[in-house]
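Chemist: In our numbering, the protein residues as written are 74 to 960. Pasting in a structure now, in structure tokens, and then I'll have a few things to ask.
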DNA sequence: TCCGTCACG
DNA sequence: ACGTACGTGACGGAT
């Protein structure tokens, strides 16, 4: 006897509502980083797990309602017309529930014109005839009409664990009718929540009595004349049509035209990798962290590690000679900022043996220093730049590095930029080393553990670096990224380390003088604002400011944020005319920003050597750009004169030098011209036209540059920017403050004039869809899983990202190559000129006067020849006695 | 720790 | 109908 298979049919909408309202009182506690509510997703996951556990189904289908209009609304336009709108906090979660089902290997379906009920009814019948036992799970009693032999309908009472199971027998016992007679009952009594009326004055009790007596609506009307005279009889006769309409409305379809097979609902293996990524996106710590990881550790860290502790120079002398040609090395620091963080210790692996120490000075013993500075023994590390800078503080110059676990992981997937060795390894399913948080704790509790625990942690780190190398390097080759790592990122780390170590001189006195002036200004503006507001309040508080502007002064609130009124610049700009206080607030904001972020902020970061040593994050951005922290020297003001003055504080080390700056002109558009191979665009750059004027001619259909006025050029410039960002009519319209139709017309005209740009954009999106990622010229990758999302917002975002990333990323590749070549050129020519900063398309140097003539030629020459494109690269340079004057 | 705001390319 | 320009970091305030 063959065992019947089991099919679980789930009413997705009903369950999602249950999941959502069960956590309604804590709905705001379930919000992920991006502000998305996650309560229903979270609870749905728990419910699904519980259902799968209980029923152990072979097949599962989760059915959803497709939309408001169905064949039932065609029959009766008010059908479900009184339903309250789905709360937005739930609505936004539905796409993610579907995504989660995909990751879980469960099929889901929705179908235009039909409700979830009809999909369920149809499949239930189909499965019944194909030797399945069917369980329907829903919160909606209507579905109980499906109960039959081998079809059981479970109606949720509370959660999913408390249910009422409807079988034909239970039906008979409970109501004295058969399941299908429920439809007849509904025809008479109607349904309030679905908003169809039934026959006047007939409710559940009367309907049940009538159906028990006559068996069906049809039979009832057969005998309606025989009924004795009553108001009810009148109603029944008058509303016969309604009764039959309601009969049809209540009937769940069992012949929905479904375009897939029952076999397609077989439960698939869940995709753990995608699920983990999904949990991370949702911030579902409980599903991810503790239990999962801890159990992994218990199972996987069985393998012990033996290590030798080095305490004295004599211990170091006992170290074996390196015979493998390489060592793994970890320099442990307490804190992120390696320019000043305390040393914790170090570990290394030599010929498969592990050595650890917390005596940092042992690194400067001749044997170890020689090892680290050796040009023949390769070093394998996690975060080479951190290691270089840290060691330099001890007077050691790290040389010959052939593997950086962090850098390689980042190139393989820029999302894998976890700055923590243990966590990164864990994401690759290597559970040798714990994360630093697991060992050191976090926040106020962060502290060094006992020696034994620390030493084991350090030993495991180097073992992890070693064990990860082969796999990661071979993936690098698979990705065609060997050159990107060997010739760009790895050498760049050494260049960046030098720049960070040198730092840039910042004159505290200049900033302090500014601080005095700014404080004075702030006080004056503040007084004016208080006078106009009629009270004192905290201008820096958007909440208090909103109350003053929009409640007390009754200015019209233009835009709202999640938490209240928006008081951002564009809002205030539109309110400027209405009240003079608005201009004062804008001024206050501007001055306060300069004071707090730039004057006071920068003052705090000046080291005793009078210099600022930023850290470039080489493994952070999704596109391949660098970022700069502690402090960020890539967003020093320049656009407005008041802020630009900050640049007066950045000066050369000595009086005989100048600050010299070179920047690429229109590098992203040139990259686009190259990558798209668009002849019109390439022609503009080859002929050295003003690209924005050129675009203006194209989109405004002009025949000569003289016809381009400044407004046309401004708009064309915005279009050019838009193109690089992955244009949309909406975005362009907002930026230019023009109607969307006109924005669309600009875009259409642009693409007509630069047809291969359009082709390039389309191809890039296609590539993202088929490969899952996009690439730069140097094969830097970015994965875009949301390109397949059925959520419009996410999908559109992924599409724009697909268009932008290869362009922004290639520009990043180019300047990185230029920086490596630049450093080499300065060294080879024995110049004293130092490269100090990089600001995405700009390099800043400190140049002794007597080298100025050379550098003025050398820098542009190196930058423009970094890569050979089909269009020329152009560099503009300038210099002065401070960064301010290098403009 | 998150949010709104604003500085840069 | 939906509802956004791409990439970053730091600050003060609110929670």
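We put the beta carbon where it would ideally sit given N, CA and C, even for glycine.
Sorted by chain position, which residues of the same chain lie with C-beta nearer than 7 Å to residue 392's C-beta, five sequence neighbours on each side aside?
Modeler: Correct list, in chain order: 423, 428 and 440.
Chemist: Give the single residue among 787, 491 and 435 whose Cα lies nearest to the Cα of residue 469.
Modeler: 435
Chemist: Once the 5 residues before and after residue 946 are set aside, which same chain residues still bring their CB inside 6 Å of it?
Modeler: 937
Chemist: Exposed or buried, residue 713, counting other C-beta atoms within 10 Å across all chains shown (16 or more means buried)?
Modeler: exposed
Chemist: Cutting at 7 Å between CB atoms, please list the residues of its own chain near residue 347, excluding the five before and the five after it.
Modeler: 176
Chemist: Going by DSSP, what residue range makes up the alpha helix (DSSP H) through residue 866?
Modeler: DSSP places residue 866 in the uninterrupted alpha helix (DSSP H) bounded by 865 to 901.
Chemist: Using beta-carbon positions only, say whether residue 272 and residue 261 come within less than 7 Å of one another.
Modeler: yes
Chemist: Determine the burial state of residue 333: buried for a count of at least 16 other Cβ atoms within 10 Å of its Cβ, exposed for fewer.
Modeler: Its Cβ having fewer than 16 others within 10 Å, residue 333 is exposed.
Chemist: Mind checking which residues open and close the beta strand (DSSP E) that includes residue 421?
Modeler: 415 to 423
Chemist: On a Cα-Cα basis, can you pick out the residue from 668, 158, 458 and 463 that is closest to residue 476?
Modeler: That would be 458, whose Cα lies nearest to the Cα of residue 476.
Chemist: Closer than 6 Å by C-beta to residue 87: which residues in its own chain qualify, once you throw out the five before and the five after it? Chain order, please.
Modeler: Excluding the 5 residues flanking it on each side, residue 87 has same chain C-beta neighbours closer than 6 Å at 211, 212 and 213, in chain order.
Chemist: For residue 241, does the three-state DSSP call read helix, strand or coil?
Modeler: helix
Chemist: Which of helix, strand or coil does DSSP assign to residue 947?
Modeler: coil
Chemist: Count the other C-beta atoms from every protein chain shown that fall within 10 angstroms of the C-beta of residue 853, then say buried if there are 16 or more, exposed otherwise.
Modeler: buried
Chemist: Roughly how many angstroms lie between the CA atoms of residue 494 and residue 532, to the nearest whole one?
Modeler: 12 Å
Chemist: Does residue 269 pass the burial test, meaning 16 or more other C-beta atoms within 10 Å, or should it be called exposed?
Modeler: Around the beta-carbon of residue 269, 16 or more other beta-carbon atoms lie within 10 Å, marking it buried.
Chemist: Quick one: what's residue 227 bridged to in DSSP?
Modeler: 210 and 238
Chemist: Along the chain, where does the beta strand (DSSP E) containing residue 401 start, and where does it finish?
Modeler: 399 to 407
Chemist: Report yes if the C-beta distance between residue 82 and residue 205 is below 7 Å; otherwise report no.
Modeler: no
Chemist: Does the Cβ-Cβ distance between residue 656 and residue 666 come in under 7 Å?
Modeler: no
Chemist: Tell me which residues share the same chain as residue 615 and place their Cβ nearer than 6 Å to its Cβ, disregarding the 5 neighbours each side in the sequence.
Modeler: If we look at residue 615 and ignore the five residues flanking it on each side, its Cβ neighbours are 640.
Chemist: Specify, as a first and last residue, the run of the alpha helix (DSSP H) that residue 567 falls within.
Modeler: That run of the alpha helix (DSSP H) goes 563 to 575.
Chemist: Does the beta-carbon of residue 949 have 16 or more other beta-carbons within 10 angstroms, so that it is buried, or is it exposed?
Modeler: exposed
Chemist: Distance check for residue 543 and residue 761, CA to CA, integer angstroms please.
Modeler: 48 Å
Chemist: For residue 735, count the other beta carbons within 10 Å of its own beta carbon; 16 or more makes it buried, fewer makes it exposed. Which is it?
Modeler: buried
Chemist: For residue 942 and residue 920, what's the separation of their Cα atoms in angstroms?
Modeler: 29 Å
Chemist: Would residue 741 be called buried (16 or more neighbouring beta carbons within 10 Å of its own) or exposed?
Modeler: buried
Chemist: Taking contact to mean 3 or more Cβ pairs, one atom from each stretch, closer than 8 Å, check whether the segment 557 to 567 and the segment 619 to 628 are in contact.
Modeler: Taking 8 Å as the limit for Cβ pairs, the verdict is that the segment 619 to 628 does not touch the segment 557 to 567.
Chemist: Going by DSSP in three states, residue 269 sits in which element: helix, strand or coil?
Modeler: strand
Chemist: In three-state DSSP terms, what is residue 781?
Modeler: coil
Chemist: Taking residue 401 as the reference, give the member of 452, 301 and 698 with the closest Cα.
Modeler: Cα-wise, what sits closest to residue 401 is 452.
Chemist: Is the segment 401 to 412 touching the segment 518 to 537, taking contact as three or more C-beta pairs under 8 Å?
Modeler: yes
Chemist: State the start and end residues of the unbroken beta strand (DSSP E) segment that holds residue 907.
Modeler: 907 to 911
Chemist: I'd like the span of the alpha helix (DSSP H) that includes residue 489, first residue to last.
Modeler: Careful: residue 489 lies outside any alpha helix (DSSP H) and carries neither H nor E.
Chemist: How would you call residue 855, buried or exposed, if buried means at least 16 neighbouring beta carbons within 10 angstroms?
Modeler: Here residue 855 is buried, its C-beta having at least 16 other C-beta atoms within 10 Å.
Chemist: Assign residue 504 to one of two classes, buried (16 or more other C-beta atoms within 10 Å of its C-beta) or exposed (fewer than that).
Modeler: Looking at its Cβ environment, which holds 16 or more other Cβ atoms inside 10 Å, residue 504 is buried.
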